[in-house]
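Take any residue in the sequence shown, count from 1 to its spot, add 53: that is its number in our numbering.
The beta carbon of each residue, even a glycine, is placed where N, CA and C say it ideally should be.
Working notes, beginning with the structure itself.
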Amino acid sequence: MKSRLLRVVVASEDAGERQILTQVVEGLPGTALVAEVTLICQMGRQAGHVAADCVVLDIDRYPLAGALSLTQARATFRGASVIVLARSIRLRFLHFLEASGASCCIDKDDPGWQVQLMQALRAIATSGGGTPLAVQSQNPAVAWACPGGSVRSG
């Protein structure tokens with residue numbers, strides 16, 4: 054199946070992380086960075102005017118506010134896949150992500166999380182999105198939290 058151009062919004066309140074995410078998106082063939090969101094609580098104001106196929110939502114620094122931002126991202130970019138980046142993932146958080154419609158959650162505690170992000174973006178570009186929640190982690194606690202194969206090892 055031929056991949057299509059994937060329009061991506063990067064949302065992170067940390068300038069350094071946003072720069073890394075932007076570099077990953079811009080360096081991946083078949084993706085186009087259409088907006089950067091610097092204040093997640095103002096996502097609609099900062100990027101609601103653009104069409105996006107995927108939102109990369111970094112909630113590393115503010116997990117509670119970031120979790121609520123997932124709902125905002127889905128409302129602002131209707132139909133877009135949402136990739137959540139987080140640290141110290143817990144079972145309760147995974148249930149919230151699944152219920153909120155996240156496409157993928159990547160554990161930033163894994164040393165290969167940038168490669169996992171590229172793989173997730175490629176998969177969304179190829180499939181057109183809408184895949185159920187998959188968690189990519191090498192953390193055994195996360196793997197234990199999601200029995201039945203919903204966790205993919207990086």
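| Query | Result |
| --- | --- |
| Report the residue from 79, 123, 67, 72 whose alpha carbon sits nearest the alpha carbon of residue 149. | 123 |
| Mark residue 152 as exposed unless 16 or more other C-beta atoms lie within 10 angstroms of its C-beta, in which case mark it buried. | exposed |
| Let me check understanding here. Comparing Cα to Cα, which of 82, 101, 77 lies closest to residue 179? | 82 |
| Thinking C-beta only, is residue 90 closer than 7 Å to residue 99? | yes |
| What are the boundary residues of the beta strand (DSSP E) that residue 134 is part of? | 134 to 139 |
| What does the Cβ neighbour count give for residue 141, buried or exposed, with the cut at 16 atoms within 10 Å? | exposed |
| Just curious, the alpha helix (DSSP H) that residue 177 is in, first and last residue? | 166 to 180 |
| Quick one: Cα of residue 101 to Cα of residue 139, how far? | 23 Å |
| Do residue 134 and residue 209 count as a contact pair if the criterion is CB distance below 7 Å? | Here the chain comprises residues numbered 54 to 207, so residue 209 is not present and cannot be evaluated. |
| Since I believe residue 170 is in contact with residue 61 (beta carbons under 8 Å), could you give me their beta-carbon distance rounded to a whole number of angstroms? | At roughly 10 Å, the Cβ-Cβ gap does not stay under 8 Å, so residue 61 and residue 170 are not in contact. |
| Nearest-angstrom Cα distance between residue 96 and residue 69? | 18 Å |
| In whole angstroms, give me the CA-to-CA distance for residue 126 and residue 158. | 14 Å |
| Alpha carbon to alpha carbon, how far is residue 67 from residue 110? Give it in angstroms, no decimals. | 11 Å |
| At 3 residues or longer, what runs of the beta strand (DSSP E) sit wholly inside the stretch 56 to 89? | 59 to 64 |
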